[in-house]
Amino acid sequence: MTSAISLRGLTKRYGEKVVLDDVDLAVGHGAVCALLGPNGAGKTTAVRVLTTLTRPDGGRVEVAGVDVVRHPRAARRRIGLIGQQPAVDDVLAARENLVLFARLHHLDRRAAGARADELLEQVGLPGTGAQPVAEFSGGMRRRLDIAAGLVLAPLVLVLDEPTTGLDPAGRRDVWDAVRALVAGGTTVLLTTQYLEEAEQLADDVCVLDGGRVVARGTPRELTAAIGGDRLELVVTDPSRAAEAALLAERVAAAGAPEGADAGGERVVVPVSRRAGVVGAVVRALDEAGIAVDDVVLRPTTLDEAYLRITGRDRARTEVPA
Amino acid sequence: MTATTLQEPGPVERARWAATDALTVAGRDVAHWRRRPGAVLVGALFPVLLLLMFAYLLGGGMVVPGGGDYRDFLVPGMFVLAMVFGVEATMTAVVTDTARGITDRFRSLPMAPSAVVAGRCLADMASSVLGLTVLVAAALAVGWRPAGPGSALAAVGLLLLLRLAFLWIGIYLGLLVRDPSGVMAVQILVWPFAFLSNVFVAASALPGWLATLAEWNPVAGTVTAVRELLGSPTGDGGGWATEHATLLAVAWPVVLTVVFAALSVRRFQRLSA
């Protein structure tokens, strides 16, 4: 049984710079995989190689068993690409766009028209076919863009940061469209900088950093691997936050020196065991004369897991709750 | 996965799809014209405006060396200038499509890769034929008359050949700069390029080395050859370049087309580097 998407030892260099370094990834049929990573991690390059836009320097890339380097045209028939920005023609009407792309997929005129109408329906844009795209909202434009990537009902849909720059309503629109496709059995690979997006949509998350895979697993596994919980304190006197962080960490994280975060009045400390930790920390702080306004014991967010994996948490002054 | 689905179609089938895809891509431009006729009109009327300005506002003070009416001298020059302006239209279209991700979308489709550029060629040549028709009508309206239908057709052939050269220059520049501000630079540079030729004044009327530059301007051969074909005064005082104007009117565009088409194809392939 082949995977829907398979990258083995994928390597890409631009001059001296190694953009993708021996990346392995397999996505099963019908699964959703999120490629997560900061800017410059190599997400877009991986997507471009997968969709035949960029040639790799090494490794093997297959879509539904088709080698994308040796059989680019066959691969293109199996992939729908939704790029970083909606690649639709603003001047044309929505339906004209879809007919154009359908014709370029070699559907005849009548089939192209029928497919365009189906697609508008499918992505929730019925009745807007005659409207010029220039009049569309960001979310509508993105949905039309997704429709344009679905002309041949591709086995694999690749979305490169599909919700970047969208408002929350637009983001929900896109998520709904993706979920509907997944329900229909499409395999999805999406890149994102938003952990929430990965948590919402993905079965598997693959974290890229500096062109390497630094972690992979289900969203739950990734959070668990980082160490269960976080204790969040709000100290009354911000100037004593650093002191509080040190003290709280010694008590709460016993033997797991991951490093606490202190910024402003807020202190976030990794917790090694839940039992009794809140009382112990508050007592220790009380003895040191540090007043505490609020204490919360909560699970680690995927955000924190991500920042830790990519080694970026130290640079941050505040971790979002 | 069976082997047959991976097999590429045969050469005949491929050529047929390449042609069909190119027409489809060009059809998108035709749809643009239908949706935005104003933009087409402005593009076509700008050379007409220039013709009227130069013929009536400046033309009174112009003397054609060797005699002849300045308006008759100017009209073929304006035809050539309209072809040169085409470089901006082509470049703008290429830059816009690349910047908006449309080029990448085309490249990710199972269509003929050549169709992206071939479609651009077809659409821009069609739009230039349209623009030239409007300009000819305007010239006829202000009293200009060509010599004979046969030589006029030859003149149109030379003009469209020149347009083809500037089309490839436009494609190359569009792929090279990828930035709308680059288009503006070209829009500005077109002017000194045109003035440093025999479009507005005879090369022989320019001082010393400027005259030589103007005579060897890649459009100068076309300007002189078209003037000769249309029976307009050429105003040129001899010299190798002037005497071999028709040769240059063919050679320059052919060389430019070959060079810039090769550069463009390389540039296009480097998109996937």
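Residue numbers (the numbering used here), protein chains in the order written: chain A, 1 to 321; chain B, 1001 to 1273. Ideal placement from N, C-alpha and C gives every residue a C-beta, glycine not left out.
What's the C-alpha gap between Val1025 of chain B and Pro1110 of chain B? On the second sequence, position 25 is the one that residue 1025 of chain B refers to. On the second sequence, position 110 is the one that residue 1110 of chain B refers to. Looking at the two C-alpha atoms, the distance is approximately 14 Å.
Close Cβ partners of Thr1246 of chain B (< 6 Å) along its chain, the five nearest in sequence each way excluded: In the second sequence, residue 1246 of chain B corresponds to position 246, counting from 1. So the qualifying residues of the chain are Ala1225.
Which value, in whole angstroms, describes the spacing of the CA atoms of Leu1256 of chain B and Gln131 of chain A? The count along the second sequence starts at 1 and reaches residue 1256 of chain B at position 256. The count along the first sequence starts at 1 and reaches residue 131 of chain A at position 131. So the alpha carbons of these two residues sit roughly 41 Å apart.
Under 7 Å between the Cβ atoms of Leu166 of chain A and Gly139 of chain A? Mapped onto the first sequence, residue 166 of chain A falls at position 166. Mapped onto the first sequence, residue 139 of chain A falls at position 139. Yes, these two residues count as a Cβ contact at 7 Å.
Applying a beta-carbon distance threshold of less than 9 Å, which residues of chain B neighbour Pro132 of chain A? As a position in the first sequence, residue 132 of chain A is number 132, starting the count at 1. Arg1035, listed in chain order.
Nearest-angstrom Cβ-Cβ length linking Glu304 of chain A and Arg230 of chain A, presumed shorter than 8 Å: Position 304 of the first sequence, counting from 1, holds the residue named residue 304 of chain A. Position 230 of the first sequence, counting from 1, holds the residue named residue 230 of chain A. Glu304 of chain A to Arg230 of chain A, Cβ: 7 Å. Contact.
Would a check of beta-carbon distances place Arg1267 of chain B closer than 7 Å to chain A? Here the question's residue 1267 of chain B lines up with position 267 in the second sequence. Not closer than 7 Å to any Cβ of chain A, the Cβ of Arg1267 of chain B fails to qualify, so no.
Is the Cβ of Thr1257 of chain B closer than 7 Å to any Cβ of chain A? One-based indexing of the second sequence puts residue 1257 of chain B at position 257. Using beta-carbon distances, Thr1257 of chain B does not count as an interface residue toward chain A, since no partner is under 7 Å.
Pick from B:Phe1260, B:Val1254 and B:Leu1229: whose alpha carbon is nearest that of Phe1079 of chain B? Here residue 1079 of chain B corresponds to residue number 79 of the second sequence, with the count starting at 1. Checking every option, the nearest Cα to that of Phe1079 of chain B belongs to B:Leu1229.
In whole angstroms, what separates the C-alpha of Ala41 of chain A from that of Asp209 of chain A? Locating residue 41 of chain A in the first sequence gives position 41, where the first residue counts as 1. Locating residue 209 of chain A in the first sequence gives position 209, where the first residue counts as 1. Those two C-alpha atoms are separated by around 5 Å.
Relative to the C-alpha of Pro1180 of chain B, which residue among B:Ala1203, B:Val1095 and B:Ala1152 is closest? For this step, residue 1180 of chain B is matched to residue 180 along the second sequence. Considering only B:Ala1203, B:Val1095 and B:Ala1152, the residue with the shortest C-alpha distance to Pro1180 of chain B is B:Val1095.
What in chain A is Cβ-close to Arg1227 of chain B, meaning under 7 Å? As a working note, residue 1227 of chain B is residue 227 in the second sequence. Identification of chain A residues near Arg1227 of chain B by a Cβ-Cβ cut-off of 7 Å yields none; the smallest Cβ-Cβ distance measures about 38 Å.
DSSP three-state call for Ala305 of chain A: helix, strand or coil? In the first sequence, residue 305 of chain A corresponds to position 305, counting from 1. Looking at Ala305 of chain A - three-state DSSP - the assignment turns out to be helix.
Please report whether the beta-carbon of Arg1270 of chain B lies at a distance below 7 Å from any beta-carbon of chain A. The sequence position of residue 1270 of chain B within the second sequence is 270, counting from 1. No, its Cβ sits nowhere closer than 7 Å to a Cβ of chain A.
Would a check of beta-carbon distances place His29 of chain A closer than 7 Å to chain B? Taking the first sequence and counting its residues from 1, the one referred to as residue 29 of chain A is at position 29. Chain B contact via Cβ: absent.
So, with DSSP's three-state summary, where would you put Asp176 of chain A? Sequence index remark: in the first sequence, residue 176 of chain A carries index 176 (1-based). Three-state DSSP puts Asp176 of chain A in a helix.
Spell out whether any CB of chain A is found under 7 Å from the CB atom of Thr1002 of chain B. Counting from 1 along the second sequence, the entry for residue 1002 of chain B is found at position 2. Note on Thr1002 of chain B: pLDDT 44, under 50, position unreliable in the model; the coordinate value appears next. Taking Cβ atoms only, chain A never reaches closer than 7 Å to Thr1002 of chain B, which makes this a no.
May I have the straight-line CA-CA distance separating Val19 of chain A from Ala224 of chain A, to the nearest angstrom? Looking up residue 19 of chain A in the first sequence gives position 19. Looking up residue 224 of chain A in the first sequence gives position 224. Their backbone Cα atoms lie some 29 Å apart in a straight line.
Just checking my contact of Ile1171 of chain B with Val1117 of chain B at CB under 8 Å: how many whole Å lie between their CB atoms? Along the second sequence, read from residue 1 onward, the residue named residue 1171 of chain B stands at position 171. Along the second sequence, read from residue 1 onward, the residue named residue 1117 of chain B stands at position 117. Indeed they touch by this definition, with Cβ atoms about 6 Å apart.
Using DSSP with H/G/I as helix, E/B as strand and the rest coil, what is Gly1150 of chain B? Here residue 1150 of chain B corresponds to residue number 150 of the second sequence, with the count starting at 1. Here Gly1150 of chain B sits in helix by DSSP.
Within a Cβ cutoff of 8 Å, which residues of the same chain sit near Ser1264 of chain B, ignoring the five residues on either side of it in sequence? Counting from one through the second sequence, the residue named residue 1264 of chain B turns up at place 264. Leaving aside the five residues that flank Ser1264 of chain B on each side, the residues in its chain whose CB is nearer than 8 Å to its CB run, in chain order, Val1117, Trp1168, Ile1171, Tyr1172 and Leu1175.
Could you name the residues of chain B that Val296 of chain A contacts, counting a contact when the two beta carbons are closer than 8 Å? Within the first sequence, residue 296 of chain A is the residue found at index 296, counting from 1. What Val296 of chain A touches in chain B, judged by beta-carbon distance under 8 Å, is nothing: the nearest beta carbon there is about 43 Å away.
Give me the Cα-Cα distance between Asp204 of chain A and Thr218 of chain A, rounded to the nearest whole angstrom. Taking the first sequence and counting its residues from 1, one reaches residue 204 of chain A at position 204. Taking the first sequence and counting its residues from 1, one reaches residue 218 of chain A at position 218. For Asp204 of chain A and Thr218 of chain A, the distance between alpha carbons rounds to 4 Å.
Kindly list, in the order they appear in chain A, the residues whose Cβ is closer than 7 Å to that of Glu1008 of chain B. As a first step, residue 1008 of chain B is located in the second sequence; it is residue number 8 there, counting from the start. Those are Arg73, listed as they occur along chain A.
Could you tell me whether the Cβ of Asp1104 of chain B comes closer than 7 Å to any Cβ of chain A? Within the second sequence, residue 1104 of chain B is the residue found at index 104, counting from 1. So, interface residue.
Buried or exposed: Glu287 of chain A, going by 16 or more other Cβ atoms within 10 Å of its Cβ? Translated into the one-based positions of the first sequence, residue 287 of chain A becomes position 287. Exposed, by the Cβ-count rule.
Give me the chain A residues within the contact set of Met1111 of chain B, using Cβ-Cβ distance strictly less than 7 Å, ordered along the chain. Residue numbering aside, residue 1111 of chain B sits at position 111 when the second sequence is read from its first letter. The contacting residues are Leu104.
Give me the subset of the segment 1078 to 1092 of chain B whose CB atoms are less than 8 Å from a CB atom of chain A, sorted by chain position. none
Does Gly1061 of chain B have its Cβ less than 7 Å from a Cβ in chain A? Here the question's residue 1061 of chain B lines up with position 61 in the second sequence. Taking Cβ atoms only, chain A never reaches closer than 7 Å to Gly1061 of chain B, which makes this a no.
Any idea what DSSP makes of Glu232 of chain A, helix, strand or coil? The sequence position of residue 232 of chain A within the first sequence is 232, counting from 1. Assignment of Glu232 of chain A by DSSP, reduced to helix, strand and coil, places it in the strand class.
Please tell me whether Ala1031 of chain B has its Cβ less than 7 Å away from any Cβ of chain A. Your numbering for residue 1031 of chain B matches position 31 in the second sequence. Yes, Ala1031 of chain B lies at the interface with chain A (some Cβ there is under 7 Å from its Cβ).
Hey, is Lys43 of chain A close to the ligand FAD, as in C-beta under 6 Å from one of its heavy atoms? You won't find the ligand FAD in this model; it holds no ligand whatsoever.
Please classify Gly264 of chain A: is it buried, with 16 or more other beta-carbons within 10 angstroms of its beta-carbon, or exposed? Here residue 264 of chain A corresponds to residue number 264 of the first sequence, with the count starting at 1. Gly264 of chain A sits exposed, since fewer than 16 C-beta atoms from the chains shown fall within 10 Å of its C-beta.
Do you know offhand how far Glu96 of chain A's Cα is from Ala102 of chain A's? Residue 96 of chain A sits at position 96 when you count from the first residue of the first sequence. Residue 102 of chain A sits at position 102 when you count from the first residue of the first sequence. Glu96 of chain A and Ala102 of chain A have their C-alpha atoms roughly 10 Å apart.
Neighbourhood of Leu1057 of chain B by C-beta distance below 6 Å, restricted to the same chain and skipping five residues each side: Taking the first residue of the second sequence as position 1, residue 1057 of chain B is located at position 57. Closer than 6 Å at the Cβ level, and outside the excluded window around Leu1057 of chain B, lies no residue.
At 8 Å on the CB atoms, spell out the chain A contacts of Gly1101 of chain B, in chain order. For the purposes of this step, residue 1101 of chain B is taken as residue 101 along the second sequence, with counting starting at 1. Correct list: Gly83, Gln84, Gln85, Pro86 and Ala87.
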